[in-house]
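A.B. asks: Numbering (full-length UniProt numbering), first residue to last: 1 to 1031.
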Amino acid sequence: MGLESPPTTSSAASKWLGFVTAVWVQSISGNNYTFSNYSDALKTLMSLTQLQLNNLSVAKDVGKAFGLLAGIASDRLPTSVILLIGSIEGLIGYGAQWLVVSKRIQPLPYWQMCVFLCMGGNSTTWMNTAVLVTCIRNFRRNRGPVSGILKGYVGLSTAIFTDICTALFAGNPSKFLFMLAVVPFVVCLTAVFFLREIPPVTTVAEEKEEAKYFTVLNAVAVVVAVYLLGYDFVKTAGDAVSVAFTVVLLVLLASPLLIPFYSYLKTRDSTRLKPDVEGQIVEPLLNPETAAVKTTVTATEVTASPPDTVEKVKRRPVIGEDHTIFEAMRTVDFWILFLSFLCGVGTGMAVMNNMGQMGLALGYVDVSTFVSLMSIFGFFGRIISGSVSEHFLKKAGTPRPLWNAASQILMAVGYMLLALAMPGSLYVGSIIVGLCYGVRLAVTVPTASELFGLKYYGLIYNILILNLPLGSFLFSGLLAGYLYDAQATPTAGGGNTCVGAHCYRLVFTIMAICKEQPENPLYNGGILKYEAPENLISIADSSTGFYSPAFVLHNLTQGTIYCFSVWVKIQGANSAHIQASLKTEDATYNCIGTVLANHGCWSFLKGGFTLDSPAKLSFLLFENSDDRDIDIAIDSASLQPFTDQEWRFNQQYIINTERKRAVTIHAADGNGDRLQGASIAIEQVSKDFPFGSAISKTILGNSLYQKWFVERFNVAVFENELKWYATEPEPGKLNYTLPDKMFEFLRANQIIARGHNIFWENPKYTPAWVRNLSGPELQAAVNSRIQSLMSKYKEEFIHWDVSNEMLHFDFYEQRLGPNATLHFYETAHTSDPLATLFMNEFNVVETCSDVNSTVDSYISRLQELKRGGVSMDGIGLEGHFTVPNLPLMRAVLDKLATLGLPIWLTEVDISSTLDKKTQAVYLDQVLREGFSHPSVNGILLWTALDPNGCYQMCLTDNNLQNLPAGDVVDNKLFKEWQTGEVNGHTDDHGSYSFYGFLGEYRVTVKYGNKTSTSTFSLCRSDETKHVSIRL
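1) Counting only runs that start and end within the stretch 810-883, where is the beta strand (DSSP E) found for 3 or more residues in a row?
2) Distance, Cα to Cα, Val313 vs Leu17?
3) Can you tell me the Cβ-Cβ gap for Leu611 and Ser565, rounded? I've got them flagged as a contact below 8 Å.
4) Is Asn574 helix, strand or coil when you go by DSSP?
5) Taking the continuous beta strand (DSSP E) assigned at Tyr995, which residues delimit it?
6) Do the stretch 424-444 and the stretch 143-154 touch if we need at least three Cβ pairs shorter than 8 Å?
7) Give the C-beta separation of His808 and Ser1028 to the nearest angstrom, bearing in mind that I take them to be a contact with Cβ-Cβ under 8 Å.
8) Which partner residues of Asp909 appear in the DSSP bridge assignment?
9) In its own chain, which residues sit with a C-beta less than 7 Å from the C-beta of Trp111, not counting the 5 before and 5 after it?
10) Let's see if you can read the secondary structure: which residues bound the beta strand (DSSP E) around Ser625?
11) Can you tell me whether Trp335 is buried or exposed, with buried defined as 16 or more other CB within 10 angstroms of its CB?
12) Please classify Ala944 as buried or exposed, where buried requires at least 16 other C-beta atoms within 10 Å of its C-beta.
13) With three or more C-beta pairs closer than 8 Å as the rule, is the stretch 709-716 touching the stretch 680-698?
14) Where Pro641 and Asn885 are concerned, what is the direct C-alpha to C-alpha distance, given to the nearest angstrom?
15) Quick one: what does DSSP say Ser385 is sitting in, helix, strand or coil?
16) Roughly how many whole angstroms lie between the Cα atoms of Ser625 and Ala891?
17) Candidates Val883, Ser636, Phe194: which alpha carbon is nearest Thr134's?
18) Sort Ser935, Ile758, Phe619 by Cα distance to Cys591 and report the nearest one.
19) Is it a yes or a no for the stretch 852-871 touching the stretch 931-947, going by three-plus beta-carbon pairs under 8 Å?
20) With DSSP run on the structure shown, which of helix, strand or coil describes Arg196?
21) So which of Lys394, Ala412, Gly386 has the shortest CA-CA distance to Trp403?
22) Under a Cβ-count criterion, where at least 16 other Cβ atoms within 10 Å of its own Cβ denotes burial, should Lys208 be classed as buried or exposed?
23) How about Ala70 and Ile88: are their beta carbons less than 8 Å apart?
24) In angstroms, rounded to a whole number, what distance separates the CA positions of Ile570 and Pro145?
25) Taking the alpha helix (DSSP H) that Gly438 falls in, what are its first and last residues?
26) Excluding the 5 residues preceding and the 5 following Ser1014 in the sequence, name in chain order all residues of the same chain whose CB lies nearer than 6 Å to its CB.
27) Within a Cβ cutoff of 7 Å, which residues of the same chain sit near His829, ignoring the five residues on either side of it in sequence?
28) On the three-pair Cβ rule with 8 Å, is the stretch 755-763 touching the stretch 795-806?
29) Which whole-angstrom value is the C-beta distance of Val459 and Ile655, which I expect to be below 8 Å?
30) May I ask you to list the residues that DSSP assigns as paired with Pro641?
31) Is the beta carbon of Pro401 less than 8 Å from the beta carbon of Ala13?
32) From Glu907 to Gly879, what does the alpha carbon distance come to, in whole angstroms?
33) Can you grab the Cα-Cα spacing for the pair Ile680 / Gly670, in whole Å?
34) Only counting the same chain, and skipping five residues up and downstream in sequence, which positions put a Cβ closer than 6 Å to that of Glu728?
35) CB-CB under 6 Å to Cys436, same chain, minus the five flanking residues each way: which ones, in chain order?
36) Distance check for Ala41 and Tyr992, CA to CA, integer angstroms please.
Below, the structure is given as structure tokens:
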């Protein structure tokens, strides 16, 4: 960048003063990562959608891709000009955003804001290029520490800037943007006067002196990092603490000024003591740039012909000499460095960008710890690797690329730890990946200069830095995003969510289901924290006589909800269904939880119970469900009691976060000026969550029943009218008259429908004429059934229960072979690819006593079909309850949620053996538990009205007067789970906010004599929904 300054007695001091200003520039260059600090203000003022806001963020990142301009200019313009360009561009880019957010000007057109954000993003590339290239050239004998320190301060810059602004302005977005515009401009103006190219050291003594100073600077950087980390724990302590923090931080950032001051004094004193240095002997320092040239001089060149007869032969530069960008790109070394850097920073950024999602997917509530760990150890990776790689390069000749290779190998170990999802692996993996990511950033910078020289280094550096946005796009945006979406559960209002280690297992490899070691107990063990299991033999009145091991429990209370979990390992069999049960003085609870345990590893059993009466003495027992003689080991047991109020509070919290969303209405006049005191009236016109009931032919022609149904439900299922015995009672005699009329009713009222069912594995409900078929005749009949049904109703039903209740019955596989079910699903998917195919089963969520349909049996069968190539994307749980076991129900839903498939409760009712009031109580419990689980995407009741009585439970009598169960449903649909009429007035900013259940809304705004009505949709999202209305 321009010509080198001639050496003077103050050159060393000037060079160090320039480096200190370079540190300051890097300390405020993290503005590209602060968009979230003011994005919400932009979104509100400009009335942006989330997609538009995300695109603004992309525009900011696009600016970094134009860093090539800074690279090209750095090889032609002096450092001061490069700094000025970057600072002025940042002043304009962030200044325009400040004018908008501070409301000094009207919001700019969207495309103009994109341009200004792009300018802000690009401004840092000019600053970074000027700083890195100049300092690498000035301290070419200590390139590693230079890179480590400067890159380290880049890593700290976001925290430095954000913490100072938070301390001084309490996070005010307008003042924050003002600082973003002005502070980098002022700091760069300071650096313009001091940061310039100065000849490098020429003696060993000077090089050692530089190394000492860099050691001090490394220590200061570590102190700053620790200080920033400490402030995060006390930032809420008050204004005085915040101001003191800012003062101390500024002092720490100014402390490196002592180095140029000390260097100046030392040089001045040395000059006074030894004014005549001519003839003084110093140990020369071989310049690596000239060394390569010197070794190529031959005797022939020394005795060459006169200049006019010399034929100039152009040759390619060798490694270590100056390369143009095109010469560098023709070397294998460049592409090895480029691609390895792409893999290193790309995969590292994929982890950083998705760390929040990974933590949530694995069940961590607070994921900020993992983000902080990666950031902190990323800083230490930069600081340490710069100096350590320099030390080994000089002392042992260890090539710097070796550190890149070692860090990539170690990073791969970190990815494997993340994939294994063992206890604590997310912590350790975050540390390893963060550390190695920092190493890659810091070591690649000096490596490039050592391979391809310093003359054109600015452009080469910026081409390598393109790997940051490119790697983020490839590994985070495409790879991790695609694989996450492939595992995620589609939500009812659009988007998706994913819970469980499977969400990222394909990004890092496959997580083992069965673990080598048990995890820590939930709730720290609860009331079993200090309890040890006992071996109990011959429990009184036990039919099996032997349980091992067991817990002896005392003073369990009636009505308390007990959540139980334990890790189980077996010996004596390859696998076994282990069942936990509870015996009290008065009752036996045959199954409170179950797990399919495997030999040699630990499996997780989770469930629970609620007692009908208090128990002074109880036994919590474990047994193999098939009575084989096996050894059962248990560990990390937990029993946590919850009151009904605590359980209800947790349910309501999940409902508020998963089924509702914040909304802000912005009212403005025709000029865009916000209206204060405008009247707001909001009405929910439809619900997003699918809630419905079965219907039968009795709804046809019954206008009162139809009206009653339409007022309540948005989804339906035919009770029996689509089943094979109803549509083809005799071979070849198809009759779709009833389902056609029923579907016409649903279509006319915009009610969606599930298809139930194509086949029923229970021979009792298979047409009599089909039960007499076998072999080719049966195969032809089932093919005809699928073809006629699916072609007639293609794209009409959102779901299909393809092979109903296959865990309990296997009529078709007995007759057609083990691949019959695979054939059913494949044919159904081919016939109607838009329909979601379900596996529908009973006694999965209702109880764990049925060994045919435990949650592990369900998962095993589903995974078996998927391995066979089946496209099955839905989990159907019938939900025919007697007495609901809520902790068991939640445990089953939690485990099924790890599959990443939508869960529907498809046939919910309560047994008719109970009286109607008790039915209503239990129905309320089941509905609330299902609605409050994030992975439950719909609920259907099995309550089709029939003059002869419902299957198990009716909502009304034959005159459509509510029964107790009907009151429960109406209370949920019309009161508890619906946003009532909302009325209010806009505040001083012309806004009105509320929380509403997901669905469609109508909003009316009145101001003076003007009225405007609009509609909007609420789908699942963590972001506030902004609705702008102009009158």
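Glycine residues also receive a C-beta, built at the ideal position from the N, C-alpha and C atoms.
The model shown is predicted, which means the values in this text are computed figures rather than measured ones.
C.D. replies: Checking against the coordinates, here is how it stands:
1) 836-841, 874-877
2) Low confidence applies to Val313: its pLDDT is 49, below 50, so where it sits in the model is not reliable, and the reading given next is rough at best. Each residue's Cα considered, the two are about 43 Å apart.
3) Not confirmed; about 18 Å, so no contact.
4) coil
5) For Tyr995, the uninterrupted beta strand (DSSP E) segment begins and ends at 991-997.
6) yes
7) Not really, about 55 Å apart at Cβ, beyond 8 Å.
8) Looking at the DSSP assignment, Asp909 forms a beta bridge with His880.
9) none
10) Counting along the chain, Ser625 falls outside any beta strand (DSSP E), and DSSP gives it neither H nor E.
11) exposed
12) buried
13) yes
14) 14 Å
15) helix
16) 19 Å
17) Phe194
18) Phe619
19) no
20) coil
21) Considering only alpha carbons, the answer is Gly386.
22) Exposed is the call here.
23) Contact: no.
24) 55 Å
25) 425-452
26) The residues are Val1003, Ile1029.
27) Counting only Cβ-Cβ distances below 7 Å, and skipping sequence neighbours, we find Leu837, Ser871.
28) yes
29) For clarity, residue 459 is Leu in the given sequence; the question names Val instead. Not quite, the Cβ-Cβ distance comes to about 56 Å (not below 8 Å), so this is no contact.
30) Tyr562
31) no
32) 6 Å
33) Between Ile680 and Gly670, the C-alpha separation is close to 17 Å.
34) Leu734
35) Ser407, Leu410, Met411
36) Cα to Cα, Tyr992 sits roughly 15 Å from Ala41.
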